[in-house]
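Student: Per the working numbering, residue 36 is the first one in the sequence shown, and the count goes up by one each step.
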Amino acid sequence: MLRASETCFNEALIKNLLETKIQTEIAMSSKVKLLAGAQELLEALQGKVKIGLASMNNRPVINQMLKTKNIQRFFDVAVTAEDITNSKPDPEIFLKCATKLEREPSKCAVVEDSIFGVEAAKTAKMCCIAVLTGVYSRKELEKAKPNLIVDSLREKREILNFVFR
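1. Determine the DSSP secondary structure at ALA144, reduced to helix, strand or coil.
2. Are there 16 or more other CB atoms within 10 angstroms of the CB of GLU147, so buried, or fewer, so exposed?
3. Taking 6 Å as the limit between beta carbons, can you name the residues of its chain near PRO124, skipping five residues before and five after?
4. Need the endpoints of the beta strand (DSSP E) that ILE164 sits in, please.
5. With a threshold of 8 Å, are at least 3 pairs of Cβ atoms found where one atom belongs to the segment 175-194 and the other to the segment 60-68?
6. Would you say ASP111 and LYS131 are within 7 Å of each other, going by their C-beta atoms?
7. Out of ASN121, PRO181, LYS50, SER172, which has the shortest C-alpha to C-alpha gap to ALA165?
8. Assuming the contact rule is C-beta atoms closer than 8 Å, PRO140 and LYS160 should be a hit. Round their C-beta distance to whole Å, please.
9. Which of helix, strand or coil does DSSP assign to VAL212?
10. Ignoring anything shorter than 3 residues or poking outside the segment 72-103, list the beta strand (DSSP E) runs there in chain order.
11. In this structure, does DSSP put ALA116 in helix, strand or coil?
12. With C-beta atoms as the reference, is LEU70 less than 7 Å away from LEU188?
13. For VAL67, which of helix, strand or coil comes out of DSSP?
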């Protein structure tokens, strides 16, 4: 391990690298595709429940993606990396989102595709719908004990039945 005095990194360099990362992701946002079924699910939920976005990405990137995909109208609140101190599996991001939505955590449902996200939702005492659109297998996600697992967001009926049960 290097002592601080031996490193070539400084605060300005780290800030510059982060800004470069953010600008690159913003530039690439037009190439990002919505998950199949996402828009239809958001349309089905709009006006029936409050919808929050909790992302470990940076706010400028999220804002650009929402704008580029024309889906910002669906979200009542957004919590991003700048709003939190702890990363998933810590539940902080979901708890802050629930607070901004003025909802008790137990009245919230989280859609996640990662083990860390499922663990964070469960620790927050929220229901969790795991979607097999990430890098994790069904078996891996099952170990995190989500309340529901779906293959994709195209399974709108099953998701809506779960949310409105």
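Built from N, CA and C at the ideal position, the CB exists for glycine as well.
Tutor: So, from the listed chains and residues:
1. strand
2. buried
3. Within the same chain, PHE151, GLU154, ALA155 come within 6 Å of PRO124 by CB-CB distance, once the 5 residues on both sides are set aside.
4. 162-166
5. no
6. Taking the C-beta atoms as reference points, LYS131 is found no nearer than 7 Å to ASP111.
7. PRO181
8. 5 Å
9. In the structure as shown, the chain begins at 36 and stops at 200. Residue 212 is therefore absent and cannot be evaluated.
10. The qualifying runs are 87-89.
11. helix
12. yes
13. coil
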